[in-house]
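-6 is the number of the first residue of the sequence shown in our numbering; add one for each residue after it. Glycine included, each C-beta is placed from N, C-alpha and C at the ideal position. A quick note: this is a predicted structure, and the numbers were derived from the prediction, not measured.
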Amino acid sequence: RILTMAYNDSLPYIDVSEEKYNDIGTRMVEEEMKRMRPRKVEPLSEMKFRSPLMEGEIKRLAADRDSGFMKKKDPPLKAPTENKIELWEEAVRQAKIAYEKERIRNMLLDISKEGSTATEQWKTMNAHLESLQADVEKSLQDQQAQVNAINLQRETDQRAKGQELHVLSTHYANLIEKTYQLKRAVAELKEELKVG
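Next comes the structure, spelled out in structure tokens:
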């Protein structure tokens, strides 16, 4: 049993092993299309342009006038009259070329808004990035110089303290030796006093 409930965006599953499913699926799609009500399409809102230049360019295009970088008018695309793969491949290639031309034209319109050019914007951005790079490099050099100065001062202090520690260690060893000598001398005097 096949369910008759369907969704607007759903298509029936067709099993290629059963030919009758193809007819049933086609009938289901046709019934669904009959049940669908056409949507009300709102009228297009008035176009809002980001710059007067773009507004003028769109009006010139609507009036079918050639201007600036749009002097050459592209011929309309036509579908092949014969069902040959080569002809359709060529038609698809021509459609891709036309799409790319239109994309570039729109990009040029976008670039030329408010009279600024992409080259000037790119130069300004590069100058800003170079300035930031110079600031970061100078800050890094200053920090590296401070680190080197601190390390040099530490090394100098450690060497001075090392020499001072060596002197103190030698003096301490001498004092210990003298203490032992004094203890031995005292012990010898006590022995002499006992004998005497």
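| Query | Result |
| --- | --- |
| Continuous alpha helix (DSSP H) stretch holding residue 35: start and end | Careful: residue 35 lies outside any alpha helix (DSSP H) and carries neither H nor E. |
| DSSP-derived helix/strand/coil call for residue 162 | helix |
| Residue 83 burial status per 10 Å Cβ neighbour count (16 or more: buried) | exposed |
| Residue 29 versus residue 36: straight-line alpha-carbon distance, rounded | 21 Å |
| Complete runs of the alpha helix (DSSP H) confined to the segment 116 to 185 [at least 4 residues] | none |
| Outcome for residue 125 when other beta-carbon atoms lying within 10 angstroms are tallied against a minimum of 16 | exposed |
| Chain D contact for residue 101 (CB, 9 Å cutoff) | Any reference to chain D falls outside this structure, which holds one protein chain only. |
| Separation of residue 81 from residue 31, as counted between CA atoms | 33 Å |
| Own chain, CB closer than 8 Å to residue 55, minus 5 neighbours either side, in chain order | none |
| Pick from 69, 152, 169, 118 that is closest to residue 90, judged by C-alpha positions | 69 |
| Burial state of residue 185 (16 or more Cβ within 10 Å) | exposed |
| Own chain, CB closer than 8 Å to residue 88, minus 5 neighbours either side, in chain order | 70 |
| First and last residue of the uninterrupted alpha helix (DSSP H) at residue 75 | No alpha helix (DSSP H) contains residue 75, which DSSP labels as neither H nor E. |
| Local conformation of residue 221 per DSSP, three classes | A query on residue 221 cannot be resolved here, the shown segment of the chain reaching from -6 to 189 and no further. |
| Residue 41 - DSSP class collapsed to helix/strand/coil | coil |
| Cβ-Cβ distance between residue 102 and residue 50 below 9 Å | yes |
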